[in-house]
Ligand SMILES: NC(=O)CC[C@H](N)C(=O)O
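Numbering (this note's numbering), first residue to last: 553 to 782.
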């Protein structure tokens with residue numbers, strides 16, 4: 553580790569959901585430069601951060617708590633300027649639009665040019681685990697265990713001409729899609745896209761923080777965060 557390098561501050565939105573698990577994963581990384589982890593609950597917390605992770609949980613609740621704590625607009629500004637990784641509920645909040653919302657709809661932060669469906673795989677009973685292969689991870693030949701809990705489904709990739717391109721970095725095999733989501737041509741795209749990058753951001757519809765495999769956390773810091781730090 554280069555110890556005289558400035559400390560990189562990585563925030564984890566800590567309003568609701570699996571933020572402690574993300575903190576635990578980050579703390580276990582052996583990185584090339586020092587990081588400080590901040591559990592973000594206030595604007596002061598957010599202003600200290602160079603990057604942000606939005607955890608799994610309940611996106612409607614996270615958005616409501618962000619609104620009540622005056623963080624919604626600051627988070628939207630943050631997303632427009634710095635790297636953010638959304639996992640599951642966090643993925644929903646990163647989407648430009650969301651379907652299958654609770655009655656009354658929900659706020660999202662935007663940041664990725666996609667439409668995502670809440671609970672796209674179904675209810676808790678349809679939660680599952682599936683091995684995925686991600687070329688950018690360390691030891692890419694070792695599958696990563698995707699934990700899908702009432703997970704969203706990417707239903708549309710809709711980058712505008714001036715948006716950064718969307719890079720699909722992990723997909724599930726189409727036969728894992730529930731019948732309701734099967735495409736007639738069994739192509740599966742984009743519904744099988746379970747990890748995406750666009751510009752500074754990373755989106756996973758599953759929960760790397762709920763495994764003992766910290767390669768996605770290392771990938772986010774190495775690929776999305778450190779390159780933005782001078
Ligand atoms: N595991 C999760 O984060 C579930 C996401 C939740 N279904 C939502 O709509 O926000």
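For glycine and all other residues, C-beta sits at the position ideal for the given N, C-alpha and C. Computed from a prediction, not measured in an experiment: that's the story for all the values here.
Option nearest residue 595 by Cα separation, candidates 610, 640, 564, 585: Residue 564 is the option with its Cα nearest to residue 595.
Close-in-space but distant-in-sequence residues of the same chain around residue 717 (CB under 8 Å, 5 per side omitted): Once the five neighbours on either side are set aside, the close Cβ partners of residue 717 are 711, 750.
Under 8 Å between C-beta atoms of residue 607 and residue 642: Yes; because the gap between Cβ atoms is below 8 Å, this pair is in contact.
Bounding residues of the beta strand (DSSP E) (the contiguous stretch that carries residue 619): First-last for residue 619: 611-620, but that is the alpha helix (DSSP H), not the beta strand (DSSP E).
Between the CA atoms of residue 623 and residue 612 - distance to the nearest angstrom: When rounded, the distance between both Cα atoms is 14 Å.
Cβ-heavy atom distance, residue 612 to ligand 1, below 7 Å: Answer for residue 612: yes, Cβ within range of ligand 1.
Residue 573 versus residue 741: straight-line alpha-carbon distance, rounded: When rounded, the distance between both Cα atoms is 30 Å.
DSSP bridge partner residues for residue 781 (one or two, in chain order): As far as DSSP is concerned, residue 781 takes part in no beta bridge.
Residue 769 Cβ short of 7 Å to ligand 1 heavy atom set: Outside the cutoff, so no.
Beta carbon of residue 635 nearer than 8 Å to that of residue 668: Residue 635 is not a Cβ neighbour of residue 668, given a cutoff of 8 Å.
Segment contact flag, the region 764-775 with the region 682-692, C-beta cutoff 8 Å, min 3 pairs: Touching, yes, given that three or more Cβ pairs across the two stretches are closer than 8 Å.
Any non-hydrogen atom of ligand 1 within 7 Å of residue 574 CB: For ligand 1, not one heavy atom lies less than 7 Å from the Cβ of residue 574.
Spatially closest choice to residue 757 from 609, 661, 557, 713, by CA coordinates: Among 609, 661, 557, 713, the Cα nearest to that of residue 757 is on 609.
Spatial distance of residue 743 from residue 579 (CA atoms): Those two C-alpha atoms are separated by around 32 Å.
Host beta strand (DSSP E) of residue 753 (start-end): Counting along the chain, the beta strand (DSSP E) containing residue 753 begins and ends at 753-756.
Neighbour-count burial assignment, residue 557, 16 or more Cβ in a 10 Å radius: Exposed, because fewer than 16 other Cβ atoms sit within 10 Å of the Cβ of residue 557.
Near ligand 1: residue 641 beta-carbon under 7 Å from a heavy atom: Flag set: Cβ of residue 641 near ligand 1.
Alpha-carbon spacing of residue 662 relative to residue 645, whole angstroms: Looking at the two C-alpha atoms, the distance is approximately 6 Å.
Range covered by the alpha helix (DSSP H) that runs through residue 643: Following the DSSP letters along the chain, one finds residue 643 inside the alpha helix (DSSP H) bounded by residues 641-646.
Alpha-carbon spacing of residue 778 relative to residue 728, whole angstroms: Rounded to whole angstroms, residue 778 and residue 728 show a C-alpha spacing of 34 Å.
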